[in-house]
Amino acid sequence: MLSRVANNLIWLDRYMERGNSIINLLKLNFTANQDSPELFPWAPIIKNYNDHDNDFTTEDPIECIEYMVFNTGHSNSIVNIVTRARENARSVQEHISRELWLNVNNYYLFLTDKTLPQQLQEGDPIMFLDRLKSFHLMYQGNTDLTQERGPSYYFMSVGKYLERVIQISDYTAIKLVEISKTTDRLEQTFYWKNLLLSLGGYQLYLKKHKSAFTEGHVITMVFQDKLFPRSVYYCINKLYMHIQKLIEIQELEKNNLEFLLGKLESTIKYTTIDSINEQGLENFIQEIKDDIRNISLSINTVYFSNANS
Amino acid sequence: MANDSLFSSYSLLPETWDEMYDDRSKIRSQYDIINDYLKATSPEKLYKKEELTRQLFMSQGVTFTVYSDEQGIEKIFPFDIIPRIITAKEWDKIDRGIKQRLKALNLFIKDIYHDQFIIKDGIIPADLIYSCPNFLREMMGVDVPHDVYVHIAGVDLIRNNDGEFYVLEDNLRTPSGVSYMLENREISKRIYPGILPKNEIRSVSDYPNVLYKKLSELSDQAEPNVVLLTPGIYNSAYYEHSTLARLMGIELVEGSDLLVKDHFVYMKTTNGLKRVDVIYRRVDDDYLDPLEFKAESTLGVAGIMAAYRKGHVNIVNAPGTGVADDKAIYVYVPDMIRYYLDEEPILKNIETYQLAKPEDFEFVTKNIRKMVIKKTDGSGGYGMLMGHEATEEEIEDYLKTVRENPTNFIAQPILRLSTAPCCIDGKLSPRCVDLRPFALTGRDGIDITPGGLTRVALKKGSLVVNSSQGGGSKDTWVIQ
Chain H
1 MLSRVANNLI WLDRYMERGN SIINLLKLNF TANQDSPELF PWAPIIKNYN DHDNDFTTED
61 PIECIEYMVF NTGHSNSIVN IVTRARENAR SVQEHISREL WLNVNNYYLF LTDKTLPQQL
121 QEGDPIMFLD RLKSFHLMYQ GNTDLTQERG PSYYFMSVGK YLERVIQISD YTAIKLVEIS
181 KTTDRLEQTF YWKNLLLSLG GYQLYLKKHK SAFTEGHVIT MVFQDKLFPR SVYYCINKLY
241 MHIQKLIEIQ ELEKNNLEFL LGKLESTIKY TTIDSINEQG LENFIQEIKD DIRNISLSIN
301 TVYFSNANS
Chain V
1 MANDSLFSSY SLLPETWDEM YDDRSKIRSQ YDIINDYLKA TSPEKLYKKE ELTRQLFMSQ
61 GVTFTVYSDE QGIEKIFPFD IIPRIITAKE WDKIDRGIKQ RLKALNLFIK DIYHDQFIIK
121 DGIIPADLIY SCPNFLREMM GVDVPHDVYV HIAGVDLIRN NDGEFYVLED NLRTPSGVSY
181 MLENREISKR IYPGILPKNE IRSVSDYPNV LYKKLSELSD QAEPNVVLLT PGIYNSAYYE
241 HSTLARLMGI ELVEGSDLLV KDHFVYMKTT NGLKRVDVIY RRVDDDYLDP LEFKAESTLG
301 VAGIMAAYRK GHVNIVNAPG TGVADDKAIY VYVPDMIRYY LDEEPILKNI ETYQLAKPED
361 FEFVTKNIRK MVIKKTDGSG GYGMLMGHEA TEEEIEDYLK TVRENPTNFI AQPILRLSTA
421 PCCIDGKLSP RCVDLRPFAL TGRDGIDITP GGLTRVALKK GSLVVNSSQG GGSKDTWVIQ
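From first to last, the protein sequence lines are chains H and V. FYI, the numbering for the first sequence is 1 to 309, going by the UniProt record's numbering. FYI, the numbering for the second sequence is 1 to 480, going by the UniProt record's numbering.
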């Protein structure tokens, strides 16, 4: 496969995954913010996705959603993310299924329809966000049903899981800052619950631990759960698996990527909640983020080194 | 519900051939198929079908980008739902005529880059060849596989008021539009369900398979690596490039994906370098190799021409074919047919005046209102002077440029392009059309897909069919 194509496939899925995470977050915070705006403000979300030199902020829910979805001056707005996803898809059309291309292209056309911003102003914001989300769900379904399991699929999966880990660790880090500001146990519970909801793991948590929110259980689920598709462990495991597939079919050179992933997987798997508490959750997350950064750079060098040879 | 109002305001243009009505305003029999259908269809239903076609083009991403003020706007190439219909007999003549022409043009290009008999025998003046901007000295003495230079041609035809098809341009470099031929047919299948098979309309869908076969046969490798080289995502024909690559199952590459090592061309893959055997390039000659042509080009590949001359890679169409579709050379194509094939041309040329000849220049300036003046190396409908609609000042300015370098200009009488029915604001109106059939030449001869791209000037009274200037297209049906 062309190195450029591999790169574009990774970024296609990274952008689609990022868009999905942002929409989930907006949807959840909209509800939480109506209950207790002081606990669930918009500012930290906007700040996390803003460009470094942009200090725009707002606490008006509709204004925030509008900014996060439509603002073309904001590089992580949904409209910009989907435009870039589409450009990547457009340049790899002969490698992705027809259905996937139509899916991404129709999403782009939907978002750039001039009447859409008005629908947000006048209609139900949740329904609005759900409509955007449905394109992401369709994308996942189309990938599963129409994309053959080969190099394209593996590179796309690498992008997807890489981005997902980044999103989970970023958002968990935001929540930790908020939690550290309070000593109120009940308030802390709200934050943990909110974190689970934003990752879509609330139901699973209830099934496992009932309605008792303890820090240890939440951390174990977010970081170490083997079956929860939005746990850090699950994503690293999948990332590792797809990298191995690529090495197996000789689309990737065996370099220290495999080592980095194997090491990170073991670290997450075998770290106990006590040792996490000992080093501090913040440090633990920072370590994961650093490792992921190295892995991401290492993937870059794989295709860039070939591209320059 | 009968829909008679659809036909109510169809007024034929004077001295113009109409594809649907004969001169006694009777419908030609080949149009019965569509007339029966239209009469039984309500205006609302037709309008819905038009709306459907726009949505289909957008959602499939069948768009081209127009750049103005450094901003790209994605547009769809307007599609008219009424097909243009060609009889088997008409098609037979077109088919034979284009094949004859391409045979002669291929022989001409080979001759020009080798022995130049046609110059020595005094058929074509040498200075015309050497002053042609698309003549490539770099191709002198280069042998190409099976002596085929023009693998892909999109010959533009128009039908004059005598009912005959004339060749307007040969388009032997990197003709585009074939993806619209394919896409328009897919749309027809959806807006006229069942009509195509019932009337035995000849299929066009084989084009990508034939193209792939012809491309792969150029290589002596058992499993050649055929790629399509595109200038990239910002090129206005990018949609076509990605569609053809997808339909042929080949890799779509950009210049930066390729490199030349030891006179072989490779593509940069995640698994190291992979040799490339055949390149269907949609990049112009000038940009193909920064070492030999425009040094600043980033669209091409450094060293590709050297690899080509060594026979290590095939480039399609061959570099240098532009010498044969120059508008000054066009005049000589009938002579080429007689010279190389000893046959009379089946398809006629349009009368063309060479402005470098004083008598032609005088004639053209006297009859300027009836003339169109074109640059010999121009394309896309740009840089033309349409005598009947230009102001005195525009004519004066244009002639000034012509006088500076008259060899660069030719003039032709303003033609009466035939008209075909188009659905405009819910009613049928005649609009000017041309026809671009696509011909593929390979080891075993020439194949022409029955049909092609019918372009239409959607503005009333306009003769310009180019997509960049308000043109649209129609599906083209050839009856079995």
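Cβ coordinates follow ideal geometry from the N, Cα and C atoms, glycine included. Please read all numbers here as calculations on a predicted model, not as lab measurements.
Using only the alpha-carbon positions, how far apart do Gly232/V and Glu251/H sit? Indexing the second sequence from 1 puts residue 232/V at position 232. Indexing the first sequence from 1 puts residue 251/H at position 251. Each residue's Cα considered, the two are about 24 angstroms apart.
Cβ separation of Ile129/V and Val323/V, assumed to be a contact under 8 angstroms, to the nearest whole Å: What you label residue 129/V is simply residue 129 of the second sequence in a count that begins at 1. What you label residue 323/V is simply residue 323 of the second sequence in a count that begins at 1. Yes, they are in contact, since the Cβ atoms of Ile129/V and Val323/V sit about 7 angstroms apart, within 8 angstroms.
Anything in chain V within Cβ reach of Ala85/H, meaning under 9 angstroms, just list it in chain order. Numbered from 1 along the first sequence, position 85 holds the residue referred to as residue 85/H. Result: empty, since nearest Cβ-Cβ is about 13 angstroms, beyond 9 angstroms.
What does the alpha-carbon distance come out to for the pair Lys55/V and Ser242/V? Taking the second sequence and counting its residues from 1, one reaches residue 55/V at position 55. Taking the second sequence and counting its residues from 1, one reaches residue 242/V at position 242. Note on identity: in this sequence residue 55/V is Gln, with Lys being the wrong assignment. Cα-Cα distance, rounded: 20 angstroms.
Is the CB-CB distance between Glu163/H and Arg14/H below 8 angstroms? Within the first sequence, residue 163/H is the residue found at index 163, counting from 1. Within the first sequence, residue 14/H is the residue found at index 14, counting from 1. Going by C-beta atoms, Glu163/H is nearer than 8 angstroms to Arg14/H.
Applying the criterion that 16 or more other CB atoms from any shown protein chain within 10 Å of the CB defines a buried residue, is Met221/H buried or exposed? The sequence position of residue 221/H within the first sequence is 221, counting from 1. Met221/H should be labelled buried.
So what's Cys132/V in DSSP terms, helix, strand or just coil? On the second sequence, residue 132/V is found 132 positions in, with the first residue counted as 1. Looking at Cys132/V - three-state DSSP - the assignment turns out to be coil, as it is neither helix nor strand.
Phe165/V classed as buried or exposed, judged by whether at least 16 other C-beta atoms fall within 10 angstroms: Taking the first residue of the second sequence as 1, we reach residue 165/V at position 165. Burial call: buried.
Are the CB atoms of Thr16/V and Asn199/V within a distance shorter than 8 angstroms? For the purposes of this step, residue 199/V is identified with residue 199 of the second sequence, where counting begins at 1. For the purposes of this step, residue 16/V is identified with residue 16 of the second sequence, where counting begins at 1. No, these two residues do not count as a Cβ contact at 8 angstroms.
For Gly194/V, is the classification buried or exposed, using 16 other Cβ atoms within 10 angstroms of its Cβ as the cut-off for buried? Mapped onto the second sequence, residue 194/V falls at position 194. So Gly194/V counts as exposed.
Quick check on the burial criterion: 16 or more other C-beta atoms within 10 angstroms. Buried or exposed for Lys254/H? One-based indexing of the first sequence puts residue 254/H at position 254. Answer is exposed; the Cβ neighbour count stays below 16.
Determine which residues share a DSSP beta bridge with Asp156/V and list them. One-based indexing of the second sequence puts residue 156/V at position 156. DSSP, once it has assigned bridges, lists Glu169/V as partnering Asp156/V.
Val5/H, enclosing alpha helix (DSSP H) - first and last residue: The residue given as residue 5/H occupies position 5 in the first sequence. From DSSP, the alpha helix (DSSP H) with Val5/H extends over 3-35.
Per-residue burial, Gly122/V [other beta carbons within 10 Å of its own, 16 or more giving buried]: Taking the second sequence and counting its residues from 1, the one referred to as residue 122/V is at position 122. With fewer than 16 Cβ atoms within 10 Å of its Cβ, Gly122/V is classed as exposed.
How about Gln244/H: is its C-beta nearer than 8 angstroms to some C-beta of chain V? Residue mapping note: residue 244/H aligns to position 244 of the first sequence, counting from 1. No, Gln244/H does not count as interfacial toward chain V.
Is it right to say Gln224/H is buried, meaning 16 or more other beta carbons lie within 10 angstroms of its own, or is it exposed? Here residue 224/H refers to the residue found at position 224 of the first sequence. Gln224/H is buried by the Cβ-count criterion.
Backbone secondary structure at Asp274/H - three-state DSSP: In the first sequence, the residue the question calls residue 274/H occupies position 274. Asp274/H: helix per DSSP, three-state reduction.
Quick one: what's got a C-beta closer than 6 angstroms to Trp42/H's C-beta in the same chain, skipping five residues either side? On the first sequence, position 42 is the one that residue 42/H refers to. The residues are Glu59, Cys64.
For Thr270/V, does the count of other Cβ atoms within 10 angstroms reach 16, so buried, or fall short, so exposed? Indexing the second sequence from 1 puts residue 270/V at position 270. So Thr270/V counts as buried.
Contact under 8 angstroms by Cβ, Leu111/H with Val82/H: Here residue 111/H refers to the residue found at position 111 when the first sequence is read from its first residue. Here residue 82/H refers to the residue found at position 82 when the first sequence is read from its first residue. Taking 8 angstroms as the Cβ cut-off, Leu111/H and Val82/H qualify as a contacting pair.
Based on Cα-Cα distance, which residue from Lys213/V, Val142/V, Met267/V lies nearest to Met248/V? Numbered from 1 along the second sequence, position 248 holds the residue referred to as residue 248/V. Checking every option, the nearest Cα to that of Met248/V belongs to Lys213/V.
So that I know if they touch, is there some Cβ in chain H lying closer than 8 angstroms to that of Val464/V? As a first step, residue 464/V is located in the second sequence; it is residue number 464 there, counting from the start. Closer than 8 angstroms: no.
Partner residues on chain H for Arg246/V, Cβ-Cβ distance less than 7 angstroms: By 1-based counting over the second sequence, the position of residue 246/V is 246. What Arg246/V touches in chain H: Gln93, Glu94.
Give a yes or no on whether the C-beta atoms belonging to Leu102/V and Pro430/V are separated by under 8 angstroms. The residue given as residue 102/V occupies position 102 in the second sequence. The residue given as residue 430/V occupies position 430 in the second sequence. No, the pair does not count as a contact, with Cβ atoms beyond the cut-off.
Taking 8 angstroms as the threshold (beta carbon to beta carbon), is Met156/H in contact with chain V? As a first step, residue 156/H is located in the first sequence; it is residue number 156 there, counting from the start. No, Met156/H does not count as interfacial toward chain V.
Compare the C-beta of Ile233/V against all C-beta atoms of chain H and say whether one is closer than 8 angstroms. Translated into the one-based positions of the second sequence, residue 233/V becomes position 233. So, interface residue.
Give me the Cβ distance between residue 481/V and Thr65/V, rounded to the nearest whole Å; I'm assuming they're in contact under 8 angstroms. The question about residue 481/V has no answer, for chain V in this structure spans 1 to 480.
Pull out every residue of the region 129-154 of chain H whose Cβ sits closer than 8 angstroms to any Cβ of chain V, in chain order. Pro151
Contact criterion: CB-CB distance below 8 angstroms. Does Met127/H meet it with respect to chain A? Among the chains of the structure shown, chain A does not appear; the protein chains present are H and V.
Out of Arg90/H, Arg18/H, Ala173/H, point me to the one whose CA is closest to Thr63/V's CA. On the second sequence, residue 63/V is found 63 positions in, with the first residue counted as 1. The shortest C-alpha separation from Thr63/V is found at Arg90/H.
Grab the span of the beta strand (DSSP E) containing Trp477/V for me, first residue to last. As a position in the second sequence, residue 477/V is number 477, starting the count at 1. 471-478 is the extent of the beta strand (DSSP E) around Trp477/V.
Secondary structure at Gly159/H, three-state DSSP: helix, strand or coil? Taking the first sequence and counting its residues from 1, one reaches residue 159/H at position 159. Looking at Gly159/H - three-state DSSP - the assignment turns out to be helix.
Outcome for Ala420/V when other beta-carbon atoms lying within 10 angstroms are tallied against a minimum of 16: Position 420 of the second sequence, counted from the start, is the residue given in the question as residue 420/V. That one is buried.
So who's on the other strand from Ser429/V, going by DSSP bridges? Start at 1 with the first residue of the second sequence, and residue 429/V comes out as number 429. Cys422/V.
Which residues in chain V sit within 7 angstroms of Ser3/H, going by Cβ to Cβ distance? For this step, residue 3/H is matched to residue 3 along the first sequence. Within chain V, the residues near Ser3/H are Lys268, Thr269, Thr270.
Should Gly452/V be listed as close to the ligand NAP, given that the test is whether its C-beta is under 7 angstroms from any heavy atom? The ligand content of the structure shown is nil, which means the ligand NAP is not present either.
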